[in-house]
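Chains as they are written, first to last, in the working numbering: chain A, 6 to 269; chain B, 64 to 472. Beneath this line is the structure, given in structure tokens, with notes to follow.
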């Protein structure tokens, strides 16, 4: 937690459970994220990471437990509820329209139209400001998404999540499809989000990247909390043990925790 | 070993850049609708050589008169293609709505304007019904509209009744398509020039205002020279076409309705929030849904609007042909409509295209049909040639799309 924020966590989940038929996907899970903090969410495939972020994003309503947002009890039942609170999620598949330009994608679904004609100039101006604020360089805000690189697309998707004064941004494996240098750019972008005072939840399989950028890491195992670590006084080994839940030798652990495709 | 050494020495030393691939640079250029215009000019050149009456004012005015109905239906087809769907009932709906109008007017004695309005309304309702069915039951649009094409053919036959043909006499209905400004309207020639002037002025003012707004917002804007060049090209095309038509009977009213539909849909798709959502749904419906766009409402509205345009086109066709009969909206009309939209540059795969492609495509399809009529070619050959043109246009579109994707990486 960054000091200087008086206050409540941006998001506080207590005893959250979620069941799909016979499968207990989440059991009594706690999670806290403070403003200006990046929390890594790690765990093996099927540990409940995706379910948890979908609960926060309003795609799956929770069965039991409570969610507080900036100290207030809230009920998040639909994606709209989450958006209204200032929660934005960037999924792995980015959900951009390839055939539209950067500006159109940033404002998709929330176009500015004071009068009948769509207000292109104000949107473009605002898009440039937001991209500059995050130090994102694109060839042209009017180029189609199709013409951008994977890292640039990821940056556009993240910018779209923060353009609406969001308070909490959830990033689902933002670097999974990227090469090393593009992944570094995205991590740099995450640091800038923190600097702007946003709360960030980062789902990632790559512990190297987790250790580069997060403040705390929260481990899920078999749908339950299995430890929250402050990154400063934690080793990778400790986190790996929490992820796998076993006392393997280091070599085995590294192999088990290697990035895999998320099967959920 | 000598062979091996020789090979090593022939390898160029590092540091010398590889020659740039030519295809890279060529496909990077966005030519827009330029190739289609060139294609149109080639087609005109060929027919003019085969028959020197092809490019006469009389025939070109006829051409404009002939393509208006097809083009208006194609504007609707563009809308449906933009959301990544297809409407196979557009042809028969144009016939059905025209039949509704004709029967109401001729057999039931309703006044012309009322009959026309009810005809348009029938198209709107059927389109909304198709859209509802497609979205409610998640059935591919081509199945629903194929069922529609078959079912509404029966409706057309039953509306027309025993006689099978309804001849139109109402002056309002006949005047919809068949009023030639110079021939039929006092001072119509001047009126035609005025309409062209308003169109060109609107085009120029739009560009100038856009430039001013962008500069005011501190954004890059079109240069004055660029605006001047575009304005000159548009003026030349518009006033050139007016000059030719005024050398004959003047602008046919059906063309005014057609161009009006194009301008309306172009504004709707390019300048409104609804239009932006149309492109979004066609580009990535899942992304549109997650951006809280009501995808199903967009789809239903597009089918409703497209079928209304189909109905309007059918009414214009009936007005031009002075009758509605059992083959109205049938035969190769649907093929020509979709061909026009696609040849004009609207993608079959959704999310790319513009209302103006209906004009360009209708001009190409219409010119081929008109030219072959002048040469008195038999209709089987006409249909085969039209099919071949459609196939080559879609092939060109697909190739250029793959190139764009390859370069876009």
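Cβ coordinates follow ideal geometry from the N, Cα and C atoms, glycine included.
* Asked: Cβ of residue 317 of chain B within 7 Å of Cβ of residue 240 of chain B?
  -> Working through the second chain from its first residue, we reach residue 317 of chain B at position 254. Working through the second chain from its first residue, we reach residue 240 of chain B at position 177. Yes, they are a contact pair.
The segment 178 to 197 of chain A: positions lying closer than 9 Å to chain B by Cβ
none
* What are the partner residues of residue 228 of chain B, as DSSP defines its beta bridges? -> In the second chain, the residue the question calls residue 228 of chain B occupies position 165. DSSP output for residue 228 of chain B lists B:388 as bridge partner(s).
Q.
Using 8 Å for Cβ pairs, my map puts residue 404 of chain B next to residue 141 of chain B. What's the rounded Cβ distance?
A. For the purposes of this step, residue 404 of chain B is identified with residue 341 of the second chain, where counting begins at 1. For the purposes of this step, residue 141 of chain B is identified with residue 78 of the second chain, where counting begins at 1. Going by Cβ atoms, the distance from residue 404 of chain B to residue 141 of chain B rounds to 5 Å, so yes, they are a contact pair.
inquiry  = I'd like to know whether the C-beta of residue 123 of chain A is nearer than 7 Å to at least one C-beta of chain B.
reply    = In the first chain, counting from the first residue as 1, residue 123 of chain A sits at position 118. Residue 123 of chain A counts as touching chain B.
| Whose C-beta lies closer than 7 Å to the C-beta of residue 260 of chain A among residues of the same chain, with five residues either side of it excluded? | Sequence index remark: in the first chain, residue 260 of chain A carries index 255 (1-based). Residue placement at residue 260 of chain A cannot be trusted, given a pLDDT of 48 that sits under 50; what the coordinates show is reported in the next sentence. So no residue of the chain qualifies.
Chain B within 7 Å of residue 130 of chain A, Cβ atoms only
By 1-based counting over the first chain, the position of residue 130 of chain A is 125. True, the Cβ-Cβ gap to chain B drops below 7 Å.
Report task. Look at the alpha carbon of residue 98 of chain A and the alpha carbon of residue 449 of chain B, and state the distance between them as a whole number of angstroms. Result -> Taking the first chain and counting its residues from 1, the one referred to as residue 98 of chain A is at position 93. Taking the second chain and counting its residues from 1, the one referred to as residue 449 of chain B is at position 386. Going by the C-alpha atoms only, they are around 41 Å apart.
* Asked: Taking Cβ to Cβ, would you say residue 161 of chain B is nearer than 7 Å to residue 377 of chain B?
  -> Your numbering for residue 161 of chain B matches position 98 in the second chain. Your numbering for residue 377 of chain B matches position 314 in the second chain. Yes. Within cutoff.
Below-7 Å beta-carbon distance, residue 103 of chain A vs any chain B residue
Working through the first chain from its first residue, we reach residue 103 of chain A at position 98. It does; some Cβ of chain B falls within 7 Å.
Quick check on DSSP: helix, strand or coil for residue 459 of chain B? Here residue 459 of chain B refers to the residue found at position 396 of the second chain. Here residue 459 of chain B sits in helix by DSSP.
- Whose Cβ in chain B lies nearer than 8 Å to the Cβ of residue 100 of chain A? Within the first chain, the letter at position 95 stands for residue 100 of chain A. Using a Cβ-Cβ cut-off of 8 Å, residue 100 of chain A is close to 347, 349, 350, 353, 354 of chain B, given in chain order.
For a test of your reading of the model: does the CB of residue 16 of chain A fall under 6 Å from any non-hydrogen atom of the ligand SAM? Yes or no.
By its list of ligands, the structure shown contains no ligand whatsoever, and the ligand SAM lies outside what it can speak to.
Does residue 137 of chain A get closer than 7 Å to chain B when you measure Cβ to Cβ? On the first chain, position 132 is the one that residue 137 of chain A refers to. Not closer than 7 Å to any Cβ of chain B, the Cβ of residue 137 of chain A fails to qualify, so no.
**Message:** So, at 8 Å on beta carbons, what are the nonlocal neighbours of residue 228 of chain B in its own chain, with the 5 sequence-adjacent residues on each side left out?
**Reply:** As a first step, residue 228 of chain B must be located in the second chain, where it is residue number 165. Once the five neighbours on either side are set aside, the close Cβ partners of residue 228 of chain B are 386, 387, 388, 389.
Exercise for the section: Please check if any C-beta of chain B sits within less than 7 Å of the C-beta of residue 108 of chain A. Expected result: Taking the first chain and counting its residues from 1, one reaches residue 108 of chain A at position 103. Closer than 7 Å: no.
- Query: Would the beta-carbon of residue 164 of chain B fall within 7 Å of that of residue 179 of chain B?
  - Reply: Working through the second chain from its first residue, we reach residue 164 of chain B at position 101. Working through the second chain from its first residue, we reach residue 179 of chain B at position 116. For residue 164 of chain B and residue 179 of chain B, yes; Cβs fall inside 7 Å.
**Asked** Considering only residues of the same chain and omitting the five flanking positions on each side of residue 475 of chain B, which have a CB-CB separation below 6 Å?
**Response** With chain B covering 64 to 472 only, the question about residue 475 of chain B has no answer from this structure.
Worksheet item: Given a threshold of 16 other Cβ atoms within 10 Å of its Cβ, counted over all protein chains shown, does residue 77 of chain A qualify as buried or as exposed?
Response: Position 72 of the first chain, counting from 1, holds the residue named residue 77 of chain A. Burial call: exposed.
Margin query: Measuring straight from C-alpha to C-alpha, what distance separates residue 260 of chain B and residue 250 of chain B?
Written below: Taking the first residue of the second chain as position 1, residue 260 of chain B is located at position 197. Taking the first residue of the second chain as position 1, residue 250 of chain B is located at position 187. Those two C-alpha atoms are separated by around 15 Å.
Checklist line | Within the segment 207 to 245 of chain A, ranges of the beta strand (DSSP E) (whole runs, at least 3 residues) | finding: 221 to 226, 229 to 235
Subject >> Same chain only: Cβ atoms within 7 Å of residue 216 of chain A, ignoring 5 sequence neighbours per side >> reply: The count along the first chain starts at 1 and reaches residue 216 of chain A at position 211. 236, 241, listed in sequence order.
TODO: Give a yes or no on whether 7 Å exceeds the smallest Cβ distance from residue 271 of chain B to chain A.
DONE: Within the second chain, numbered from 1, the residue matching residue 271 of chain B stands at position 208. Answer no: the Cβ-Cβ gap between residue 271 of chain B and chain A never drops below 7 Å.
> For residue 43 of chain A, which option in A:173, A:244, A:212 has the closest C-alpha, if you only look at C-alpha atoms?
Replying inline: By 1-based counting over the first chain, the position of residue 43 of chain A is 38. Closest by alpha carbon: A:173.
Original post:
DSSP beta-bridge partners for residue 22 of chain A?
Top reply: On the first chain, residue 22 of chain A is found 17 positions in, with the first residue counted as 1. Beta-bridge analysis with DSSP links residue 22 of chain A to A:69.
task = Closer than 7 Å by C-beta to residue 438 of chain B: which residues in its own chain qualify, once you throw out the five before and the five after it? Chain order, please.
result = Here residue 438 of chain B refers to the residue found at position 375 of the second chain. Contacts found: 113, 114.
Practice item. Using three-state DSSP, classify residue 106 of chain A as helix, strand or coil. Key: By one-based count along the first chain, residue 106 of chain A stands at place 101. In the structure shown, residue 106 of chain A sits in a strand (DSSP, three-state: E or B).
Cβ of residue 227 of chain A less than 7 Å from any chain B Cβ?
Sequence index remark: in the first chain, residue 227 of chain A carries index 222 (1-based). No - not a single Cβ of chain B is within 7 Å of the one on residue 227 of chain A.
Margin query: Going by C-alpha to C-alpha distance, which of B:133, B:100, B:153, B:101 sits closest to residue 370 of chain B?
Written below: Taking the second chain and counting its residues from 1, the one referred to as residue 370 of chain B is at position 307. Just measuring C-alpha positions, the residue of B:133, B:100, B:153, B:101 sitting nearest residue 370 of chain B is B:153.
For residue 166 of chain A, write down the residues that DSSP places opposite it in a beta bridge.
The residue labelled residue 166 of chain A in the question sits at position 161 within the first chain. None, per the DSSP bridge assignment.
Since residue 431 of chain B and residue 406 of chain B are thought to touch, with beta carbons under 8 Å apart, how far apart are those beta carbons, to the nearest angstrom? Residue mapping note: residue 431 of chain B aligns to position 368 of the second chain, counting from 1. Residue mapping note: residue 406 of chain B aligns to position 343 of the second chain, counting from 1. With a Cβ gap of about 10 Å, residue 431 of chain B and residue 406 of chain B do not count as contacting.
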